[in-house]
Each structure stands twice: as structure tokens, then as C-alpha cells.
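K.L.:
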Amino acid sequence: MTESGAASNFIREMVLADHATGKHGGRVVTRFPPEPNGHLHIGHAKAICLNFGLAQSVPGGVCHLRFDDTNPTTEDPEYVKSIQDDVKWLGFDWHDKLFYASDYFERLYEVALDLIRKRHAYVDSLTADEMRTYRGTLTEPGKNSPYRDRSVDENLDLFAKMRRGQFPDGTHVLRARIDMGSPNLNLRDPVLYRIRHAAHYRTGSAWCIYPSYDYAHPLSDVIEGITHSVCTLEFEDHRPLYDWMVAHAHTSRTPQQIEFARLNVAHAVMSKRKLLELVDRSLVAGWDDPRLPTIKGLRRRGYTPEAIRNFCEHIGVSKRDSVIEMQLLEHFIREDLNKRSNRVMAVLRPLKIVIENYPEDLTEEMEAVNNPEDPTAGARTVPFSRTLYIERDDFLESPPKQFFRLAPDREVRLRYGYIIKCVGVVKDSTGTVTELRCTYDPETRSGGPQAQRKVKATIHWVSAAHAVEAEVRLYNPLLTADLAAIPAGSDWTTYVNPQSLERVHGCRVEPGLRDTVPGVRYQFERIGYFCVDPDSIPGKPVFNRTVSLKDACAKTGTLAAK
Ligand code: ATP
Ligand code: MG
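Residue numbers for the sequence shown follow our numbering, so the first one is -6 and each next one is one higher.
#1: Using 8 Å as the cut-off, classify the Cβ of M263 as near or not near the heavy atoms of the ligand ATP, replying yes or no.
#2: Below 9 Å between beta carbons: does that hold for L341 and E390?
#3: When DSSP builds the beta bridges, which residues end up paired with P27?
#4: Between the Cα of K394 and the Cα atoms of T425, K449, W82, which residue gives the shortest distance?
#5: Need the endpoints of the alpha helix (DSSP H) that V448 sits in, please.
#6: Counting only the same chain and skipping the five closest in sequence on each side, list residues whose C-beta sits under 6 Å from that of G158.
#7: Would you identify the three-state DSSP class for C415, choosing helix, strand or coil?
#8: Just reading off the beta strand (DSSP E) that K345 is part of, what are its end residues?
#9: DSSP puts P204 in a beta bridge; with which residues?
#10: Any heavy atom of the ligand ATP within a distance shorter than 8 Å of the CB on G290?
#11: Around the Cβ of Q250, are there at least 16 other Cβ atoms within 10 angstroms (buried) or fewer (exposed)?
#12: Give the single residue among E229, T247, R514 whose Cα lies nearest to the Cα of N363.
#13: On the DSSP letters alone, give me the boundaries of the alpha helix (DSSP H) that L321 sits inside.
#14: What are the boundary residues of the alpha helix (DSSP H) that S456 is part of?
#15: State the Cα-Cα distance for the pair P211 and G19, rounded to the nearest angstrom.
#16: May I have the straight-line CA-CA distance separating P204 from T23, to the nearest angstrom?
#17: Tell me which residues share the same chain as L151 and place their Cβ nearer than 7 Å to its Cβ, disregarding the 5 neighbours each side in the sequence.
#18: With a threshold of 7 Å on Cβ separation, who are the neighbours of T244 within its own chain once the five nearest residues in sequence on each side are excluded?
#19: To the nearest whole angstrom, what separates the beta carbons of A361 and V375, a pair I think is in contact under 8 Å?
#20: Is it the case that the Cβ atoms of A457 and S378 are separated by a distance below 9 Å?
#21: Please decide whether R181 counts as near chain C, where near means a Cβ-Cβ distance under 9 Å.
#22: Which runs of the beta strand (DSSP E) at least 3 residues long sit entirely within the stretch 241 to 309? Give them in chain order.
#23: Write down the C-beta distance between D79 and I317 rounded to the nearest angstrom, noting that I regard them as a contact closer than 8 Å.
#24: By the three-class DSSP mapping on this structure, what secondary structure does P504 have?
#25: Is G31 near the ligand ATP, going by C-beta to nearest heavy atom under 8 Å?
#26: Below 8 Å CB to CB, which residues in the same chain sit around T549 once its five sequence neighbours on both sides are set aside?
#27: Which value, in whole angstroms, describes the spacing of the CA atoms of V426 and I452?
#28: Compute the minimum distance between the beta carbon of A40 and the heavy atoms of the ligand ATP, and state whether it is under 8 Å.
#29: If we count the other Cβ atoms within 10 Å of its Cβ and call it buried at 16 or more, is R110 buried or exposed?
#30: Who are the near neighbours of E28 in its chain, counting only those whose CB is closer than 6 Å to its CB and skipping five residues on each side?
#31: Going by the CB atoms, is the gap between A463 and C524 shorter than 9 Å?
#32: Can you tell which of D484, L471, A474, R408 has its C-alpha closest to the C-alpha of K447?
#33: Measuring straight from C-alpha to C-alpha, what distance separates A10 and F396?
#34: Mapping DSSP to helix, strand and coil, what is K543?
#35: Identify, in the order they occur along the chain, each residue of the same chain with its Cβ nearer than 6 Å to the Cβ of G417, setting aside the five sequence neighbours on each side.
#36: Output yes or no for whether 9 Å exceeds the beta carbon distance between R284 and Y127.
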């Protein structure tokens, strides 16, 4: 931890040092390079905060948003738009630095021609299986392809024909001519281009050869003048190839690749393929299902960009893989919502109470503080009347010793209201409690002579006649096991937790929430933080539980012990 409370970030230190010493001409240009083949998740948020944050850490720093769209079959403009929305929502701005790797196809092709002319690349015509055999293994060197020594002219001719669409998929590839004996498999003549007769969402049918990631990525960095190319750890072994590409691009620009450990969150589904499977098989409601760790899911659930950014800053950046508990993310949203959300009263599982000595036709407006953490949030009034709802859990007919809330002949304080006493219990034929009969003490109202009288518990309530009916959606972990612990070969979707979504109907919320709009966040007193769902209709709000009130991290000290 640094003095500012931020976790260490060795990349930021490196960038600051480079800036100070004038490396890269004192420029700092980073990029966030998503492939538009899915929606962003919390792991991407880490990369976004890192790359945009690095650019912000020095004067004149710039971060590009580059769509790494070199794969025609999986990409879609819908994802391009969604990714832009998510980056903006997280609070970052690429200004005019929006780029597409597909815009570089012609330039990448030119570079390939140059590599062929300089004998740094050749057209190979082995089958995929043969190529695999020739490649060797970690312990055995590879073998040169019989096509490796084709003449420049033959290579140029074949490559031109590949581009013109004269060959079917898989018949030829363009490979870099590096070293089939290299201990690093990535340097054993990696593939630069493949034939794929597939339309691309931006370039249409202009191309039927597409560059590989290892080829397009470093060159895109060179073209854009990126100085620090930050990526996840699995690309560490690709760095020599990255450097080879940069060295052979004949440019004065020398972006450097820096790797960091990706974010893993326990019990969370983060792979795009698995997320897509959940969506396609309708195991979740969509990409913005509040159970998913997608940016859209977190947003719908009620997460704030600030909480996500604070979380990303806190976890820092390291070279070591680790798994973060969801509770840590929850800690940050709780901390943020505690400051910003208004408190309201909502009863999830209503139990009716009738206050026998309260006048039938009276409604009083009780003053309630909106947010004790924020003096500017002001106050509101909440109607109080003879018939109220309280939380079913707040009453027990035969309470155990540690239960201090309502019970027969017991008193509790109603938040912002009076002290009441339970004097009778009404049950239906099955023995279920359907109503409580109570009395109230008029002197105990706030401002009244007995306002300070102490009782052991204060509970929340709403007025039955005034309350608004609502649906509340409670969320539990989506998987019953961590993905890493699920045996290989078994269907991981059988671990989807059937209790991951609990829809509670017939909840009652205070009247001020009747026409609340999607995205507004509240603290339901004593319950948790909730956010209005887009499924709400006027007069019938739907709330998502963002997070409950209690903080396991703060209690167990896992936060400090990170
Ligand atoms: P794919 O397997 O499809 O490549 P991806 O999650 O890597 O999936 P990209 O669109 O390539 O998707 O990701 C964009 C950027 O986000 C990359 O630079 C990648 O390193 C980074 N990123 C992706 N997942 C994580 C993660 N879990 N933690 C940190 N960074 C991530
Ligand atoms: Mg990737």
C-alpha cells in the first residue's frame, strides 16, 4: 500500500519514470484494445481503469480506444456500441482517439509485402495438422516447412492470390520466418495471415485474408504511436514476438509491452464464451442480468462507476495471478452507496399491524432524514396511520433470548414514529400469523415528552393505505461452485444456482417511491442497498438488491489483510 491508500501499481511507476527520463520522447500513449465479440466485464474494467488511469497520471497522457477487430466471424457492431457506452459510463473519455484495427488492413498488408520482400515472411502450404507436427513441442525443436525457402517472387505471387480469393480457407498461410528451433514456441514461424472467406462487419467482403493477433496487435500499436502496451500475463511469452514485429516494422516508434495479472473473481463467470452460453441458453435474462459481472449487469444491479474504479485502484496491479472475493467488490459499493444513497423504508415481507388506540381517520406526517451521511440530502415526511406493515421477520410469537424485536406484550420503536406494544395476535386456520394488534404510546413521538424513552429495538414500517406495492429482486451467487473447482468434462451450467434470483412480490415501499425512475439507488433501512430496475412501470416499481447492509470484509478484516 502507498501512503494514499492505493495498492501498488508497478506499471504506473514505470510510466512515471519513463515520462521523467524522457523515454518515448516524454510521451505516454496507452490503449484499451477490446475485441468487439462480447460485452465488457469487471476484468475489462480493471484494464480500462489501468490504461486510462496511466494516461491521466502524466500531463499530456493519452489513452486510445481501439477495437481489435481482426476476426470476422465473431464480431458485431452491437458490441462496438456497447463497449463505448460502458467505457464512458465508467467515467473515461478517449476524446477523438477512437480506432479500429480493421482500418489498418491495407497498411498491414503493405507491411506483409515488405516482410516477404526482405525474406522475413513466406507462404506456407502445409495443412493445419502438418503445421502442428512441424512445430515441435516444448521439449523438442520444430522443423522447417518444405515451403520455407520459396522465392520472394513466388511468395509475392501466392500472397497476392490469397488476397484475391483464389484459394479456399486453410490452404495457405503467411508465416514469419523467425526460428523453428527457438525454445519459445511463439517464435517458431508464427502465422501472420489466414485465409477466411468471411464478411467482416466493417470491411464487408473486401478481404478474405485476416491478420493474426500476434501480427495485427504490435503493428496497430506502432501505427498509433502507443508507448506502453499493457496486456495480461498470458501474453508474456508473446513479448519476444511483439518486439520482433516492432523491430521489423522499420519504424522509429518502439512501443513496449508490459504484462499484468488478470483479475479473477471467485464464483464469477468472466469468460466471454461462458457468458455468451449463459445468455444464449437463457440461463440468465441477458447480458445485463444483475447476477453477471458484466459492466451492464453491475450497472443494472446498482453499482456505481466510482465503486468499480475504487475497487480497481484498491486491488492494484501485479505480476502474480490471484483470485479476488466478490465481497471485496461489495465492500466498495457499500462504501460508496452509504455516502450517496437516500434512506427509505421498505417492507419486503409485510405483516399487517393495527394500532387499536390510534384514531381511524388520522394520518400524521413523520419527519425522516434522507441521509445521515449527507447533510445536504435534507428530509422528507412519511405518512403514519392506524394500519401499518412491518417486516414479518421482526415479529416472533415465542422469541428466543436474543430476539429483541416485536413479540406478544413486547415494545419496539417504529423508526421516526412511536413506541408500540403488541397486544394480540391474529392467525388463520393454518396457524399462520396474519395480523398483529398493537397499541401505541402518543408521548413517544419524536419531539414528544417521551421521545427519548429507550426500548431494545427500532424497526421500520410503512403505512398500509399509503404504501406502494413493489417487486424486489434478491440476488445470490450465480454459481454454486467456483469454476476452477468444477471437474473438467462436466457441464458447468449444472452449477447455476437455482436460488441465484429470488423475486419477492407484494413488497411495500413508502409512497415517495411510487414514480421513482430506473437507475435511482436507495438504502432500504435495515435491509440493504437497492436500485430501481428498468422493468419498473409507473406505480409498480421493481428494485434490485445491489448489496446487503452488512460488510463481511470489514468484519473479518479481509480488507486490511489483502
Ligand atoms: P478473449 O478471450 O476473447 O480475448 P478477453 O477477455 O481477453 O477475451 P478482449 O476484448 O481481448 O477480451 O479484452 C480487452 C482487454 O481487456 C485486453 O487488453 C485484455 O487483456 C483485458 N482483459 C480481459 N480480461 C481481463 C481480466 N480478467 N483482467 C484484466 N484485464 C482483462
Ligand atoms: Mg483478448
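Glycine residues also receive a C-beta, built at the ideal position from the N, C-alpha and C atoms. Because the structure is a prediction, the values reported are computed rather than measured.
P.N.:
According to the structure data:
#1: For M263, the shortest separation between its Cβ and any heavy atom of the ligand ATP lies below 8 Å.
#2: Inclusion of L341 and E390 in the CB contact set at 9 Å is not warranted, their separation being larger than that value.
#3: Beta-bridge pairing links P27 to no other residue.
#4: For the set T425, K449, W82, the Cα lying nearest the Cα of K394 is the one of K449.
#5: Unbroken run through V448: none, as it is neither H nor E.
#6: For G158, where only same-chain residues beyond five positions count, the Cβ hits under 6 Å are C201.
#7: Three-state result, C415: strand.
#8: 343 to 348 is the span of the beta strand (DSSP E), which, as asked, contains K345.
#9: BP columns for P204 point to Y186.
#10: It does not: the Cβ of G290 is nowhere closer than 8 Å to a heavy atom of the ligand ATP.
#11: Per the 10 Å Cβ criterion, buried.
#12: It is R514.
#13: For L321, the uninterrupted alpha helix (DSSP H) segment begins and ends at 319 to 333.
#14: Where S456 is concerned, there is no enclosing alpha helix (DSSP H), although the beta strand (DSSP E) around it starts and stops at 454 to 456.
#15: Between P211 and G19, the C-alpha separation is close to 20 Å.
#16: Going from the Cα of P204 to the Cα of T23 covers about 22 Å.
#17: Here the set comprises V116, H165.
#18: Excluding sequence neighbours, T244 sits near V215.
#19: Contact flag correct, Cβ pair sits at about 5 Å.
#20: Going by beta carbons, A457 and S378 fall inside the 9 Å limit.
#21: No chain C is present in this structure, which holds just one protein chain.
#22: For the stretch 241 to 309, the full-length beta strand (DSSP E) segments reaching 3 residues or more read 249 to 253, 256 to 258 along the chain.
#23: The pair is not a contact, with the Cβ atoms about 20 Å apart (cut-off 8 Å).
#24: Under the three-state reduction of DSSP output, P504 falls in the helix class.
#25: Flag set: Cβ of G31 near the ligand ATP.
#26: Residue placement at T549 is flagged as unreliable, the pLDDT there being 47, under the threshold of 50; a coordinate-derived value is accordingly withheld.
#27: So the two alpha carbons sit approximately 18 Å from each other.
#28: Answer for A40: yes, Cβ within range of the ligand ATP.
#29: Per the 10 Å Cβ criterion, exposed.
#30: Cβ neighbours of E28 beyond the five flanking positions: D61.
#31: The Cβ atoms of C524 and A463 lie no closer than 9 Å to each other.
#32: Restricting attention to D484, L471, A474, R408, the CA atom closest to the CA of K447 is found in R408.
#33: Their backbone Cα atoms lie some 59 Å apart in a straight line.
#34: In this structure, K543 counts as coil in the three-state DSSP scheme.
#35: If we look at G417 and ignore the five residues flanking it on each side, its Cβ neighbours are R430.
#36: No Cβ-Cβ contact shorter than 9 Å links R284 with Y127.
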